[in-house]
Amino acid sequence: MESIGKTIIMVGIALIALGGILMIASRLGLGKLPGDIVISKGNFTFYFPIVTSILLSLLLSLILRVFLKK
Numbered sequence: 097m098e099s100i101g102k103t104i105i106m107v108g109i110a111l112i113a114l115g116g117i118l119m120i121a122s123r124l125g126l127g128k129l130p131g132d133i134v135i136s137k138g139n140f141t142f143y144f145p146i147v148t149s150i151l152l153s154l155l156l157s158l159i160l161r162v163f164l165k166k
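Be aware that the sequence shown starts at 97, since it is given in the numbering used here, and climbs by one per residue.
And the structure:
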């Protein structure tokens with residue numbers, strides 16, 4: 097039971113860190129790049145950040161390649 101508690105705490109800390117990173121990224125304009133799809137009709141808005149997703153994927157791939165390269 098002790099390991100489950102530690103796992104839940106670690107997941108919580110990771111979610112808080114991710115939330116903070118996303119808040120900082122939105123202030124820097126990440127998530128509103130040209131090429132991101134936004135469809136607004138009346139009180140409905142559909143947002144799909146395709147370019148932001150591709151950019152983050154490339155960035156994380158490069159970071160992981162550097163740190164995990166042996």
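Glycine included, every Cβ here is placed at the ideal spot set by N, Cα and C.
Worksheet item: For I135 versus F142, is the C-beta distance shorter than 8 Å?
Response: On the sequence shown, residue 135 is found 39 positions in, with the first residue counted as 1. On the sequence shown, residue 142 is found 46 positions in, with the first residue counted as 1. Yes. Within cutoff.
Worksheet item: In the structure shown, what three-state DSSP assignment does K165 receive?
Response: Residue mapping note: residue 165 aligns to position 69 of the sequence shown, counting from 1. Residue state, collapsed to three classes: coil.
Worksheet entry | Whole-angstrom distance between L126 and L164, CA atom to CA atom | As a position in the sequence shown, residue 164 is number 68, starting the count at 1. As a position in the sequence shown, residue 126 is number 30, starting the count at 1. Spanning the two alpha carbons is a distance of roughly 26 Å.
Worksheet item: What did DSSP end up calling K128 once you bin it into helix, strand or coil?
Response: Numbered from its first residue, the sequence shown carries residue 128 at position 32. The three-state secondary structure of K128, taken from DSSP, is coil.
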